[in-house]
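Residue numbers (our numbering), protein chains in the order written: chain E, 392 to 725; chain R, 392 to 725; chain V, 266 to 643; chain H, 266 to 643.
Since the structure comes first, as structure tokens, the remarks are kept for the end.
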Amino acid sequence: MTTVALKPATMAQALTRAMRDAMAADPTVHVMGEDVGTLGGVFRVTDGLAKEFGEDRCTDTPLAEAGILGTAVGMAMYGLRPVVEMQFDAFAYPAFEQLISHVSRMRNRTRGALPLPLTIRVPYGGGIGGVEHHSDSSEAYYIATPGLHVVTPATVADAYGLLRAAIASDDPVVFLEPKRLYWSKASWNPDDPQTVEPIGRAVVRRSGRSATLITYGPSVPVCLEAAEAARDEGWDLEVVDLRSLVPFDDETVCASVRRTGRAVVVHESGGFGGPGGEIAARVTERCFHHLEAPVLRVAGFDIPYPPPMLERHHLPGVDRILDAVGRLQWEAEG
Amino acid sequence: MTTVALKPATMAQALTRAMRDAMAADPTVHVMGEDVGTLGGVFRVTDGLAKEFGEDRCTDTPLAEAGILGTAVGMAMYGLRPVVEMQFDAFAYPAFEQLISHVSRMRNRTRGALPLPLTIRVPYGGGIGGVEHHSDSSEAYYIATPGLHVVTPATVADAYGLLRAAIASDDPVVFLEPKRLYWSKASWNPDDPQTVEPIGRAVVRRSGRSATLITYGPSVPVCLEAAEAARDEGWDLEVVDLRSLVPFDDETVCASVRRTGRAVVVHESGGFGGPGGEIAARVTERCFHHLEAPVLRVAGFDIPYPPPMLERHHLPGVDRILDAVGRLQWEAEG
Amino acid sequence: MTVMEQRGAYKPTPPPAWQPRTDPAPLLPDARPYRVLGTEAAAQADPGLLRRLHAELVRGRRYNAQATALTKQGRLAVYPSSTGQEACQVAAALVLEDRDWLFPSYRDTLAAVARGLDPVQALTLLRGDWHTGYDPREHRVAPLCTPLATQLPHAVGLAHAARLKGDDVVALAMVGDGGSSEGDFHEALNFAAVWQAPVVFLVQNNGFAISVPLAKQTAAPSLAHKAVGYGMPGRLVDGNDAAAVHEVLSDAVRHARAGGGPTLVEAITYRVEAHTNADDATRYRGDAEVDTWRDHDPIVLLEHELTERGLIDDSGIQAARDAAEAMAADLRERMNQDPPLDPMDLFAHVYAEPTPQLREQQAQLRAELAAEQEGPHR
Amino acid sequence: MTVMEQRGAYKPTPPPAWQPRTDPAPLLPDARPYRVLGTEAAAQADPGLLRRLHAELVRGRRYNAQATALTKQGRLAVYPSSTGQEACQVAAALVLEDRDWLFPSYRDTLAAVARGLDPVQALTLLRGDWHTGYDPREHRVAPLCTPLATQLPHAVGLAHAARLKGDDVVALAMVGDGGSSEGDFHEALNFAAVWQAPVVFLVQNNGFAISVPLAKQTAAPSLAHKAVGYGMPGRLVDGNDAAAVHEVLSDAVRHARAGGGPTLVEAITYRVEAHTNADDATRYRGDAEVDTWRDHDPIVLLEHELTERGLIDDSGIQAARDAAEAMAADLRERMNQDPPLDPMDLFAHVYAEPTPQLREQQAQLRAELAAEQEGPHR
Ligand SMILES: Cc1ncc(C[n+]2csc(CCOP(=O)(O)OP(=O)(O)O)c2C)c(N)n1
Ligand SMILES: Cc1ncc(C[n+]2csc(CCOP(=O)(O)OP(=O)(O)O)c2C)c(N)n1
Ligand SMILES: [Mg+2]
Ligand SMILES: [Mg+2]
């Protein structure tokens, strides 16, 4: 296997490398989707895989998402480990019946006889100037579907580690890739033996004592930035990167909130019915007597994703996060 | 127009009557779906409409849900008011792309030029002994989709009033019909001029002072039963029937919770990522200092809907609701 | 480049050579459904096969009757009978080798039983104790599939995977006339043809999708005509002629196994009974239509052929019936026992390992059940 | 009824009369794409129409070039060019009456412009100031549709609604070869045929879906062969021959208007440029293939025909080019102005009336914007 020096590497490169290593290690891993072969995907995340492993291992499918996911189900039934790419978040919707009625339920339906070790990669979220249907944050649909794991990396290392774990998982994993972080870079040496990051563990990205920002995916860097800016206001913010929405790491999140007594959930996805409600509710259920203020939410507005020229108004930014932190009833404390 | 004495009427009959009256009043109202014509629908909710208004007004479509909803979009673009029946909750999934990418966005996409006055009737929920795919509670998907109204009746009168309002609405409405209440009866006189019930207003079904049960649809009768049973424990429970999940009636809900200081959200839909998280979170945001305890949730488990012989263990029942009420930290009060 | 420049540089040429990618003619179905029984082709049919088909049809009919009876006794939540369609059900099962896979729809319990599944296990879904009562891998029978046409891409994917692995496996997928309208039907057939996957699609055109007759479902000359649009052969067969269905499906399976790719088979049959026991068919069709089809009964057709040609005698027929009755008696008896139920199973198979959340919920239910055992409703 | 009883009562009968529901023969496309230019049929073509087509092609080519240039200047977020496909774009627009509806895909901006839309308004989606820049009802042009094939059922529903209302309206829907693989394509064509809706489906088969060539998309003899599976006529046409596309589409529109139902037209063309400005076509195809198609250029084909037959002279050609340049200059100038933007619009069109929740969010954004105006980043 040829190795390429990739330091610093982008998240896209780490993802490619994760698939490549998984394919090399396990001949049952198959990558499939629209344009994933010859082109290497519209984001080039599957670049080189068809060349290295052949078109039978990295396959350009016909243009039909239900067909892609549905055939992947059949392949998994026969013992393969398909890694499916949905070209953009909104183009996963045609596959929802297959996802909800089959992918998430096959193991349960058959009392464990037919597990589906399937990874569904979905580039998601906005901030890339895409025209409509190219910037949806669809995680609310996935987390409300029992039987799916829902995972999203925010760092280059996690992109590798979590995707390896997803592909290795015997359960279906919806792997949400924050589009606007594809080109984010980190000094990460792919030739080091990489730790596969177990699914289901949140991580504290920044320690702080004043309040906890609970976030994931594309909003992690924004929260870190907000935490830096908050120092000017005298706030020392902790930032928890969930990494996995399902299973949810109550332990890490609640430990943080119990320490700080205040929390804001931040995500790009629409607020109403979005993951923030679940997170705020479960944190409140578990940490009620530690809370100095209600858990607040900063989320996208409850509107269809806006056109590129207006998206900056929609996306949770540093100011909006700090405004929410400011509403955490600080007077009550002092 | 012939009138039928329907007192007491079932919820199914009230729904039929609502469509019939709407069709009689407005020639642009068209009913369409699988088996809605000659058969009158598998639940007989469209019984008699094809006969009275002709097959062009109440149409048996080919068997394809995306096609049904997609053609209804086109019909609405031309000025009709389609009322679409999805045969069962889980069979609406094939239409999700049309729903999310078009139905919910067409008005927004065209700056109001192409509103879609479309009603999507979805029989939902369990408790009817149905085999898999016949008992899903899919409201989490709908409420996370901006641009849709999401409405669900719990009484015979509301079934009529809200469906009339849905059909009259210039926005798309997902109208969730609790299957197991189809045969519930009430003395309701369809010949009285019926008030169309405006969408977006919750109603207090039972007044009480100890705590508020926030619920909707199939769980409303269960909560009322629980409230009766709670008297033995010395609890005087208020029951709020949301009726409309989108828009959400913060005012009525929060007024109740501020009065009682305690709340439990009850629904059949899975807990994780379900509507309960949103409701608990927003109530907490708005009523934090009135709360004696965290807002708790009683919901279906986070599992695929179980087979008929096990469904009673899954569905929130009186005991499970009262257990939750019992956890509302009563000692803290006295 | 501006148009001006182009004009200097270019000469209008004929269109780059365009060829139909395949010759459509052999893909088109014949104008009439293929028949064997009562025609000259019957003479070629293997007597042993015909007798085997007959025994299975008789057993199948009895199975349908018994299952319907069980709904009346509350022992099944629902039963979608394949009475009148037994030729399709049985032939679909019999044409497959052991290593092949069957992808049944919710109406095809009988096909699964004819393939060798325990008749009780095959009814688990419809009894309602669990969603699937057998191990699909053990029997190479996918779970009975309720969301229409969604099993078709699974069959394609499985067949494709087998071929990639070098395994000599064919998948046979069943779907109804109504199901052919779903997008998944289209996508599955297209993938199968592009991948040249070893799949056979069997459409049982039984005239209705619940209440909706075929004329409201399609305007096509036949459903088999859809095949040409995917580049695969379409075949039309009399679905009540077990010998014909068996032959057409066998050919398609052989073709697929030999690397020839998928085939679409439309079997013209009829749903003699209501959609399910819960349906009232009198609302949408008259007795006269049903009667013409009762007269074209698959068992009678085959029994007549066998009798005429002296391939079976009354004792042979009686033996088939006795075997069917024995199966029915056993089925009745075993279905009259309450299935074992464990509420804890609700959480066991959602993931390989229950999530922390599910563990909590399982503990909650366990506590509730314990409390229920201890005392009465509060 | 037991099998025993049946046997006494029944005689095996032939299958109930089964007829193909329609004759498939006239539904099948010809073996070769229909052509007019450079053939004898050209003599029949209306010179005025040919000149009109020519002027529109020239304008269309210029439009494509200008729009692509605007992406380089950052004035468009993205542009999927229809260079090389102008014959399809223009003909689709020109065959429609004013009251008819056009359903373009995201690649068909030019068709919308050829129908009379303001070239700037047609680019709103791709500029990114809003999702749609025109009132679809005013122009009878549906919004440019990005999710592939999803616009097809809309066209069917609209055409069906018009027919129910007694209006003499035809809908023409455009889709790509890739889009034909989607389930919505199948469902739309089936609904159209069952309802006999006045719709024309135009598949621009330009050889690629982004990087995926047709051979990985379908194994069918042609995409037009899919028509027979729905019971509608399929037509194959040289998509770079504007006169041929115009004629075939006109026939289909006339057929639909007369109550004859839908038609599927496959136009064989080629995407000469990359998928969009963001695509790198060298990754998946070579220059040689592109060159054969550049030689079969729609403008050159038509200009040659017009010139040969003396229907146009250099001044006529120049006039077309001048008009195109004027359009381009105007487009360039207007696109170089920043479009008006109002963030408050985000909330205005989600519902007829903003929900209480949206009012709150709107107030929040208003306050944020006011704060932004007042002071710098905190
Ligand atoms: C996606 C989906 N939509 C709707 C249904 C509800 N439904 C169950 S059976 C049926 C009719 C099926 O007709 P057909 O495919 O002809 O099969 P048959 O019942 O005749 O065997 C319908 C509409 C379903 N199961 N799945
Ligand atoms: C449902 C859906 N899936 C995927 C995409 C992403 N996508 C945009 S264009 C395209 C290729 C379309 O090919 P074709 O239909 O042949 O049209 P062309 O681009 O050639 O005009 C793809 C895959 C999409 N827009 N919609
Ligand atoms: Mg049928
Ligand atoms: Mg194309």
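Positions of the beta carbon are idealized from the N, C-alpha and C atoms, including for glycine.
In its own chain, which residues sit with a C-beta less than 6 Å from the C-beta of residue i, not counting the 5 before and 5 after it?
i, result
"residue 563/E", "494, 507, 509, 539"
"residue 461/V", "526"
"residue 374/H", "387"
"residue 643/H", "Residue placement at residue 643/H cannot be trusted, given a pLDDT of 49 that sits under 50; what the coordinates show is reported in the next sentence. No residues qualify anywhere along the chain."
"residue 513/R", "477, 480, 483, 567"
"residue 289/H", "493"
"residue 351/H", "322, 325, 326, 563"
Is it buried or exposed for residue i, if we count other Cβ within 10 angstroms and need 16 for buried?
i, result
"residue 309/H", "exposed"
"residue 428/E", "buried"
"residue 680/E", "exposed"
"residue 470/R", "exposed"
"residue 586/R", "exposed"
"residue 634/V", "exposed"
"residue 579/R", "buried"
"residue 558/V", "buried"
"residue 491/V", "buried"
"residue 598/E", "exposed"
Closer than 8 Å, CB to CB, is residue i near chain H or not?
i, result
"residue 712/E", "no"
"residue 695/E", "yes"
"residue 458/V", "yes"
Would a check of beta-carbon distances place residue i closer than 8 Å to chain E?
i, result
"residue 466/V", "no"
"residue 643/R", "no"
"residue 532/R", "yes"
Judging by CA-CA distance, which residue of the options is the nearest neighbour of residue i?
i, options, result
"residue 546/V", "431/R, 580/R, 420/R", "431/R"
"residue 425/E", "481/H, 348/H, 392/H, 357/H", "481/H"
"residue 614/E", "419/E, 711/E, 555/E, 700/E", "711/E"
"residue 497/R", "621/H, 511/H, 397/H", "397/H"
"residue 402/R", "414/R, 571/R, 411/R", "571/R"
"residue 686/E", "678/R, 693/R, 535/R, 524/R", "678/R"
"residue 518/E", "557/E, 574/E, 472/E", "574/E"
"residue 718/R", "624/R, 637/R, 662/R", "624/R"
Using a C-beta cutoff of 8 Å, does residue i count as contacting chain R?
i, result
"residue 611/V", "yes"
"residue 484/E", "yes"
"residue 548/V", "yes"
"residue 644/H", "Any question about residue 644/H goes unanswered here, given that chain H covers just 266 to 643."
Hey, does residue i have any beta-carbon neighbour from chain V nearer than 8 Å?
i, result
"residue 592/E", "no"
"residue 430/R", "yes"
"residue 443/R", "no"
What residues in its chain sit with their C-beta under 7 Å from that of residue i, if we drop five residues either side in the sequence?
i, result
"residue 601/H", "340"
"residue 267/V", "Because the pLDDT at residue 267/V is just 41, under 50, the model does not fix this residue reliably, and the value given afterwards should be weighed accordingly. None."
Residues in the region 286 to 317 of chain H with C-beta within 8 Å of chain V's C-beta atoms, listed in sequence order? Shown in chain order are the members of the region 286 to 317 of chain H whose Cβ falls below 8 Å from a Cβ of chain V: 286, 287, 288, 289, 292, 293, 296, 297, 298, 300, 302, 303.
Please list the residues of the region 367 to 398 of chain V that have a C-beta atom closer than 7 Å to any C-beta atom in chain R, keeping them in chain order. 390, 391, 393, 394, 395, 396
Residues in the region 429 to 447 of chain V with C-beta within 7 Å of chain E's C-beta atoms, listed in sequence order? Listed in sequence order: 429.
Which residues, in order along the region 403 to 415 of chain H, keep a beta-carbon less than 7 Å from a beta-carbon of chain E? Taking 7 Å as the cut-off between beta carbons, the residues of the region 403 to 415 of chain H near chain E are 411, 412, 413, in sequence order.
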